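Asks: Mind having a look at this structure? Questions to follow.
Residue numbers (our numbering): 2 to 167.
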């Protein structure tokens with residue numbers, strides 16, 4: 002059912018927690034017990050370990066937060082849809098809400114990518130592609146909602162477990 006789906010979807014992003022703890026422990030061990038997310042001078046060879054572990058720790062935390070954003074098709078967006086269905090919303094209502102939350106967030110990410118590109122910042126093209134892909138996915142859900150056929154999308158299809166409204 003949807004409850005099990007939520008648990009499965011949350012398990013993916015939560016794998017970043019032990020990985021973050023691992024990098025925290027490594028950083029503390031090599032940095033006098035201090036854990037930080039800030040980088041030291043990249044020209045200072047004595048700070049390579051601190052910079053490496055801080056970067057890896059930050060990456061794990063960002064991946065955790067990013068994947069939990071309530072934007073379909075990220076895990077957080079799928080959790081949102083499953084939660085709405087679990088609470089008794091019909092597939093079309095859940096699809097409308099999911100699309101209405103996802104699309105603005107995707108457009109914001111796309112805008113961030115455009116700003117990155119305009120400023121010659123690294124990752125701008127990738128950010129644009131991810132934001133565009135998310136917007137495209139949200140639009141597909143919105144179109145199914147408008148047609149009254151959200152149940153044809155795998156995210157909103159009935160699941161076993163007796164949690165769907167009758």
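Even for Gly, the Cβ is constructed at its ideal location relative to N, Cα and C.
Remember, it's a predicted structure, so these values are computed and weren't measured experimentally.
DSSP three-state call for residue 59: helix, strand or coil?
Replies: Note: residue 59 maps to helix in three-state DSSP.
Asks: Determine the contact status of residue 197 and residue 48, defining contact as a CB-CB distance below 9 Å.
Replies: The structure shown does not extend to residue 197, since the chain is modelled only from 2 to 167, so the question has no answer here.
Asks: With a Cβ-Cβ cutoff of 9 Å, do residue 17 and residue 59 count as a contact?
Replies: No, these two residues do not count as a Cβ contact at 9 Å.
Asks: Identify, in the order they occur along the chain, each residue of the same chain with its Cβ nearer than 7 Å to the Cβ of residue 93, setting aside the five sequence neighbours on each side.
Replies: The answer, listed in chain order, is 146, 149, 151.
Asks: Measuring CA to CA, which of 39, 73, 115, 15 is closest to residue 130?
Replies: The residue with the shortest Cα to Cα distance from residue 130 is 115.
Asks: Here's the rule I'm using: 16 or more other beta-carbon atoms within 10 Å means buried, otherwise exposed. How should residue 8 be labelled?
Replies: Per the 10 Å Cβ criterion, exposed.
Asks: Reducing DSSP to helix, strand and coil, say where residue 128 ends up.
Replies: Here residue 128 sits in helix by DSSP.
Asks: Can you tell me which of the three DSSP states residue 158 falls into?
Replies: Coil at residue 158, not helix or strand.
Asks: Mapping DSSP to helix, strand and coil, what is residue 77?
Replies: Residue 77: helix per DSSP, three-state reduction.
Asks: Let's test the definition: count the other Cβ atoms within 10 Å of the Cβ of residue 76 and tell me whether it reaches 16, buried, or not, exposed.
Replies: It counts as buried.
Asks: Less than 8 Å between the CB atoms is what I'm expecting for residue 105 and residue 69, so what's the real figure, rounded?
Replies: Not really, about 17 Å apart at Cβ, beyond 8 Å.
Asks: DSSP three-state call for residue 19: helix, strand or coil?
Replies: Helix at residue 19.
Asks: Give the straight-line distance between the Cα atoms of residue 79 and residue 2, rounded to the nearest whole angstrom.
Replies: Taking the straight line joining both Cα atoms gives about 13 Å.
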